[in-house]
Each structure stands twice: as C-alpha cells, then as structure tokens.
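> Residue numbers (my numbering): 703 to 859.
Beta carbons: idealized from backbone N, C-alpha and C, even for Gly.
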C-alpha cells in the first residue's frame, strides 16, 4: 500500500486541510486589520504584523505537506490493460447476436427485449478453474462480480 493510501495519512490530510482553511481565514482577518489601521492613520503603507507572516508561513508549510501526500494513481501496466480486455470479453458473453445484453431493448429478431446469448444461459458451466471449481455464466446483475463467475464443484446448480 502506498503511503498516501494509508488511512492515517488520509486522516492527517483531512486535519491539515481544516487547519489550512482556518489559517487562511486568520490571514484574511489579520490583513484586513492591518489595512484598516493604515487607513485609520491615513498611511500609504500597510504594516503587516509578524503574526501575519507566521500565518502565511504555516499555510505554505501545510500546502507543501498536502502536495507531497496527494494520492497519485498507480501506473497502468500492460497486464492491467490485458486484464481489462479479458474482463470486457467476459461481461459481453450474455449478448445476443445483435450485440444487446440480456434484458436490453432489441428491435431485431429478439423481439422487444433481448433474450441474450442463446448458447450460454445464466448458471451454465463455461469452464473449470485450476482447482476444479466451475466457471459459470452469472446472472445479469452479478456479471461484474468476479465471485459470481466461480462455483465450487460441490455447489448445487
């Protein structure tokens, strides 16, 4: 797990974001106060307090820490691309010959609703895994769940 995906880092980021928001409000308040004092004394120069500079430095430090801990997406590998293409093939197995998923509107010879793949029905065994578990065609609503594609050989149909 990358450090930025750690829940502790996520919690710390949330607290830093809240502190940064409060400090930004404080900075605005201090700036307006200094500008008001300059206007009150008819000064052309605004003198900001040392506290204003410290608040600005704290905001810069928090912003730097947040930038360093921003979650970055993992790079997409050739294996990830291959797996996504394989998953697309599997999720298309329930399409009828017109390209419609089972239950979708299909105005061709299927009638009003697609009956899906006439060769593979939900629950049909389409293969076997390394340990003998059956690979089955899942129900339409479960086809994106990898567990729904596997069934132990001892499970009843």
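Restricting to runs no shorter than 4 residues, where is the alpha helix (DSSP H) found entirely within the segment 776 to 817?
Runs of the alpha helix (DSSP H) inside the segment 776 to 817: 780 to 793.
> Three or more C-beta pairs under 8 Å: does that hold for the segment 794 to 805 against the segment 831 to 846?
The segment 794 to 805 is in contact with the segment 831 to 846.
> Can you name the start and end residues of the alpha helix (DSSP H) that residue 764 belongs to?
For the purposes of this step, residue 764 is identified with residue 62 of the chain shown, where counting begins at 1. Segment 752 to 770, the alpha helix (DSSP H) holding residue 764.
> Figure out for me which residue from 796, 807 and 828 has the closest Cα to the Cα of residue 818.
What you label residue 818 is simply residue 116 of the chain shown in a count that begins at 1. It is 796 whose Cα lies nearest to the Cα of residue 818.
> Tell me the residue span of the alpha helix (DSSP H) that contains residue 723.
To locate residue 723, count along the chain shown from 1; it is residue 21. Taken as a continuous stretch (DSSP letters only), the alpha helix (DSSP H) holding residue 723 covers 709 to 742.
> Considering just the uninterrupted stretch of the beta strand (DSSP E) at residue 834, what are its terminal residues?
Stepping through the chain shown from its first residue, residue 834 is reached at position 132. First-last for residue 834: undefined, no H or E at that position.
> Mind checking residue 838: buried by the 16 CB within 10 Å criterion, or exposed?
Within the chain shown, residue 838 is the residue found at index 136, counting from 1. The residue in question, residue 838, is buried, as its Cβ has 16 or more Cβ neighbours within 10 Å.
> Return yes when the Cβ of residue 764 is within less than 9 Å of the Cβ of residue 718, no when it is not.
Your numbering for residue 718 matches position 16 in the chain shown. Your numbering for residue 764 matches position 62 in the chain shown. A contact, by the Cβ cut-off of 9 Å.
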